[in-house]
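Student: My structure is below; once you've seen it, I'll send some questions.
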Amino acid sequence: MDLRSFQCVLALADCEHFGRAAQRLHMTQPALSQRIALLEEEVGHSLFTRTRGPIRPTTAGRAFIARARNVLAQADAAKADAQLAASGLVGQLRIGFTPIILYQNLPELLRDFQTHYPDIHIELHELTSLQQEQALQGGYIDIGLTHPPLANSSLQCQSLEPIPLIMAMPASWPQSACKSLRLEDCADIPWIMTPREIGPVFYDGILAACHRAGFSPKIVQEAVMSTLIGLVSTGIGAGLVTEGFAVIKRPHMVYIPVKTDLPLLPVAAAWKKKSINPVVQRFLDLLVMPSANKT
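Last residue of the sequence shown? That's 295 in our numbering, and every number before it is there in order.
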């Protein structure tokens, strides 16, 4: 019993004539008669009457035909689903992201993706860059929105637009009245820095910029950027954060642009080499799509 046998039964039921059913199926009448006979032998009952005139299904045949229609419909649906999945139009996408990207362009990116691909289910995981590399390698996420460079050579990445920095500073400090700052204006203030282990290249880039400005920052505390902002509002120090964090408004603190050249925080989409999911490719295509074509 196979799908072709089901097609033969339904064609005969619809045409009520062996010759017309065989023509519809692009097969000979004897071949159709033999397939129906073999199916009836397998079922153990006649599926059609053999009287003169129109060929009509028996009671057993009517029951079989109802199921056969469902089976063929499910087979067609399975084929369509497979084709959609292979093209990346349906499925699941597990995305890792850092809090920094959440406060930058992740919400807009996800809205665009869901608009273009409403049948793809998105599962989000907040992870550090290192955790994302481990999750990608282990197959727990499909794509990571992270901060390179990557340590794992089995991963591939696509660079995205880097993020500029601004200074978060207690509002009670004299420098807070400035519309913009130079790094040298911050030579004598206490600094709060993101830990080096989170992003050593980025951390070293900030220290290098301070050294070019003629000083070494007086680091009094280390904290991730979201925590750094809360610490700044207590007045214990100032620190550099990405522009996206300026949406977080806390009392007793301000955000001030910095004129001095600072390193931009790199951003990239990362995925596992040699195992790219069609849905991942759809996401990557959207990342590089010009803004005018995203709507």
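Where is the CB? At the ideal position from N, CA and C, for every residue including glycine.
(1) Could you tell me which whole beta strand (DSSP E) segments of length 3 or greater appear in the segment 94-180?
(2) Could you spell out the range, first to last residue, of the beta strand (DSSP E) harbouring P266?
(3) Return the chain-ordered list of same chain residues with a C-beta closer than 7 Å to the C-beta of W191, the five sequence neighbours on each side being excluded.
(4) Would you mind sorting M1 into buried or exposed? The rule is 16 or more other CB atoms within 10 Å of its CB.
(5) Report yes if the C-beta distance between L160 and G96 is below 9 Å; otherwise report no.
(6) Please classify K179 as buried or exposed, where buried requires at least 16 neighbouring CB atoms within 10 angstroms.
(7) Taking one C-beta from the segment 169-187 and one from the segment 206-215 each time, how about it: are there three or more such pairs within less than 8 Å?
(8) Considering M193, what are the terminal residues of the beta strand (DSSP E) in which it resides?
(9) Which partner residues does M253 have in the DSSP bridge list?
(10) Where does the unbroken alpha helix (DSSP H) through E222 begin, and where does it stop?
(11) Kindly indicate the opening and closing residues of the alpha helix (DSSP H) around L228.
(12) Let me check understanding here. Comparing Cα to Cα, which of G199, M193, F245 lies closest to P128?
(13) Are the C-beta atoms of Q83 and some chain C residue less than 9 Å apart?
(14) Taking Q34 and F18 to be in contact with their CB atoms under 8 Å, please state how far apart those CB atoms are, rounded to whole angstroms.
(15) Which partner residues of T49 appear in the DSSP bridge assignment?
(16) Drop a sphere of 10 angstroms on the beta-carbon of G91, count the other beta-carbons inside from all chains shown, and report buried for 16 or more, exposed for fewer.
(17) Buried or exposed: where does K249 fall if 16 or more other Cβ atoms within 10 Å of its Cβ makes it buried?
(18) Quick one: is E41 buried, meaning 16 or more other Cβ sit within 10 Å of its Cβ, or exposed?
(19) Return the chain-ordered list of same chain residues with a C-beta closer than 8 Å to the C-beta of S233, the five sequence neighbours on each side being excluded.
(20) G239 by DSSP, collapsed to three states: which one?
(21) Can you tell me whether DSSP reads G199 as helix, strand or coil?
(22) Using the Cβ count rule (16 or more neighbours within 10 Å means buried), how would you classify E108?
(23) Ordered along the chain, which non-local residues of its own chain (more than five positions away) have a Cβ less than 6 Å from that of P266?
(24) Taking C-alpha atoms, which residue in L155, L110, N70 lies nearest to Q132?
(25) Please look up how many angstroms separate the CB atoms of F48 and L286, rounded, as I've assumed it's under 8 Å.
(26) Thinking M193 and V258 are a contact (beta carbons under 8 Å), I'd like their distance in whole angstroms, please.
(27) In terms of alpha-carbon separation, which member of G139, R69, V71, L130 lies closest to L93?
Tutor: Once the coordinates are examined:
(1) 120-126, 143-146, 155-163, 165-170
(2) Position 266 of the sequence shown holds residue 266. From DSSP, the beta strand (DSSP E) with P266 extends over 265-272.
(3) In the sequence shown, counting from the first residue as 1, residue 191 sits at position 191. Same-chain partners within the cutoff: P217, K218, I219, V220, G237, A238, G239.
(4) By 1-based counting over the sequence shown, the position of residue 1 is 1. With fewer than 16 other Cβ atoms within 10 Å, it is exposed.
(5) Taking the first residue of the sequence shown as 1, we reach residue 160 at position 160. Taking the first residue of the sequence shown as 1, we reach residue 96 at position 96. No, they are not a contact pair.
(6) Taking the first residue of the sequence shown as 1, we reach residue 179 at position 179. Exposed, since its Cβ has fewer than 16 Cβ neighbours within 10 Å.
(7) yes
(8) Along the sequence shown, read from residue 1 onward, the residue named residue 193 stands at position 193. Run containing M193: 190-193, per the beta strand (DSSP E) assignment.
(9) Position 253 of the sequence shown, counted from the start, is the residue given in the question as residue 253. DSSP, once it has assigned bridges, lists P170 as partnering M253.
(10) Along the sequence shown, read from residue 1 onward, the residue named residue 222 stands at position 222. E222 -> not in any alpha helix (DSSP H); beta strand (DSSP E) instead, spanning 218-222.
(11) Your numbering for residue 228 matches position 228 in the sequence shown. Segment 225-234, the alpha helix (DSSP H) holding L228.
(12) Working through the sequence shown from its first residue, we reach residue 128 at position 128. First, the residue type needs correcting, since residue 128 is Thr and not Pro in the sequence shown. When only C-alpha atoms are compared, the closest one is G199.
(13) Note that chain C does not occur in the displayed structure, where there is just one protein chain.
(14) By one-based count along the sequence shown, residue 34 stands at place 34. By one-based count along the sequence shown, residue 18 stands at place 18. In fact, because the Cβ distance is near 11 Å, the residues do not count as touching under 8 Å.
(15) As a first step, residue 49 is located in the sequence shown; it is residue number 49 there, counting from the start. In DSSP, T49 forms no bridge with anything.
(16) Mapped onto the sequence shown, residue 91 falls at position 91. Answer is buried; the Cβ neighbour count reaches 16.
(17) Looking up residue 249 in the sequence shown gives position 249. Exposed, by the Cβ-count rule.
(18) Here residue 41 refers to the residue found at position 41 of the sequence shown. Exposed: under 16 other Cβ atoms inside 10 Å.
(19) The residue given as residue 233 occupies position 233 in the sequence shown. Excluding positions up to five away in sequence, the list reads P170, R250, P251, H252, M253.
(20) As a position in the sequence shown, residue 239 is number 239, starting the count at 1. In the structure shown, G239 sits in a strand (DSSP, three-state: E or B).
(21) What you label residue 199 is simply residue 199 of the sequence shown in a count that begins at 1. DSSP places G199 in coil when its eight states are reduced to three.
(22) The residue given as residue 108 occupies position 108 in the sequence shown. Exposed is the call here.
(23) Reading the sequence shown from its first residue, position 266 is the one you call residue 266. For P266, where only same-chain residues beyond five positions count, the Cβ hits under 6 Å are H147, P148, P162.
(24) Numbered from its first residue, the sequence shown carries residue 132 at position 132. Cα-wise, what sits closest to Q132 is L155.
(25) The residue given as residue 48 occupies position 48 in the sequence shown. The residue given as residue 286 occupies position 286 in the sequence shown. That pair is no contact at about 54 Å.
(26) Position 193 of the sequence shown, counting from 1, holds the residue named residue 193. Position 258 of the sequence shown, counting from 1, holds the residue named residue 258. Actually they do not touch by this definition, with Cβ atoms about 15 Å apart.
(27) For the purposes of this step, residue 93 is taken as residue 93 along the sequence shown, with counting starting at 1. Cα-wise, what sits closest to L93 is G139.
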